[in-house]
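Notes follow the structure.
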Amino acid sequence: GDGTILASADAQGLKFWDLKNGRMIAVLNEKNEGLSGRYPPAGMAFHPAKPLLAVVTPAGDAFRILDLSSLER
249 GDGTILASAD AQGLKFWDLK NGRMIAVLNE KNEGLSGRYP PAGMAFHPAK PLLAVVTPAG
309 DAFRILDLSS LER
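Number 271 in this note's numbering belongs to position 23 of the sequence shown; there are no gaps in the numbering.
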């Protein structure tokens, strides 16, 4: 990414923060994903040039790519 967004995970889900002003800009509710074995994530990584986030499953055996281009700041 461009270094302006931080992703975090907690009991509520994935949270996205604007590092310029410290505000939370989005929450992706992942509570139901715990039942599918996809939450909490074992790791997350931003694409270096595109608004994409890779999220690794807790077992580390799969991942998904989230498109963050629709996040408003």
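C-beta: ideal position from N, C-alpha, C; glycine also.
The beta carbons of Gly261 and Ala290 sit no closer together than 8 Å. When only Cα atoms are considered, Pro288 and Trp265 end up about 18 Å apart. Per DSSP, Ala259 has no beta bridge partner at all. Rounded to the nearest whole angstrom, the C-alpha separation of Ala257 and Lys263 is 6 Å.
Under the criterion of beta carbons closer than 8 Å, Thr252 and Leu276 do not qualify as touching, at roughly 18 Å.
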